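Residue numbering for the sequence shown follows the UniProt record's numbering, starting at 1 and increasing by one per position.
Built from N, CA and C at the ideal position, the CB exists for glycine as well.
Source: prediction; values computed, not measured.
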Amino acid sequence: VLVSCRALLLCAGPERWGLPRHVSCLPPRQVFSIVVFGSIVNEGYVNRLDETQEHCIFNRNRNACNYGITVGVLAFLSCLLYLALDAYFPQISSVKDRKKAVLSDIGVSAFWAFLWFVGFCFLTNQWQASKEEDNPMNEGGDAARAAITFSFFSIFTWGFLTFLAFRRL
Numbered sequence: 001v002l003v004s005c006r007a008l009l010l011c012a013g014p015e016r017w018g019l020p021r022h023v024s025c026l027p028p029r030q031v032f033s034i035v036v037f038g039s040i041v042n043e044g045y046v047n048r049l050d051e052t053q054e055h056c057i058f059n060r061n062r063n064a065c066n067y068g069i070t071v072g073v074l075a076f077l078s079c080l081l082y083l084a085l086d087a088y089f090p091q092i093s094s095v096k097d098r099k100k101a102v103l104s105d106i107g108v109s110a111f112w113a114f115l116w117f118v119g120f121c122f123l124t125n126q127w128q129a130s131k132e133e134d135n136p137m138n139e140g141g142d143a144a145r146a147a148i149t150f151s152f153f154s155i156f157t158w159g160f161l162t163f164l165a166f167r168r169l
């Protein structure tokens with residue numbers, strides 16, 4: 001997170017932004033988080049023709065939608081926090097404080113990789129259990145598949161951040 005959260009704006013090259021050469025235009029976790037929670041918020045709730053109350057598209061399980069939204073928003077905010085820490089990192093003079101920052105980066109990145117794995121499994125399970133009669137017009141199906149897909153991609157991007165943080169130790 002410390003190294004690659006800046007990658008949101010780095011497609012022109014890392015040297016241009018004062019970053020080491022090994023930082024490339026990685027798939028930004030911020031965008032993945034926005035896609036997951038945005039697709040669920042916008043199209044994740046549907047209702048039958050004979051109902052007025054909306055239900056979660058994932059097997060009418062409100063917890064599935066809440067989990068996707070919560071993890072997406074908190075992962076986005078976490079990445080912004082580590083973006084700020086990344087900007088402040090060169091000014092940290094104490095080796096102990098730098099080590100604490102890197103260790104927290106490892107822990108947070110591994111934690112988010114785990115949460116995205118749980119989210120992917122949970123959303124996929126609930127999507128498979130969804131009944132066609134709950135959503136006969138297949139509204140929000142693309143949004144649900146997008147949330148599942150980007151949850152899957154997030155596992156590997158946060159896992160890769162954990163690997164990059166280990167290399168900084």
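- In the DSSP assignment, Ser151 falls within the alpha helix (DSSP H) that extends over 141-168.
- By a beta-carbon distance limit of 8 Å, Ile40 contacts Ala147. Their separation comes to about 5 Å.
- Just so you know, the alpha carbons of Trp116 and Thr124 end up roughly 12 Å apart.
- Taking the CA atoms as reference points, Glu43 sits about 39 Å from Phe89.
- Following the DSSP letters along the chain, one finds Ile106 inside the alpha helix (DSSP H) bounded by residues 95-129.
- Cα atoms of Phe120 and Arg167: separation of roughly 27 Å, rounded to the nearest angstrom.
- Considered as a whole, the segment 27-103 harbours 29-43, 62-88 as its complete alpha helix (DSSP H) runs of no fewer than 4 residues, in chain order.
- Ranked by Cα distance from Asp86, the first of Arg98, Ser130, Asn135, Gln30 is Arg98.
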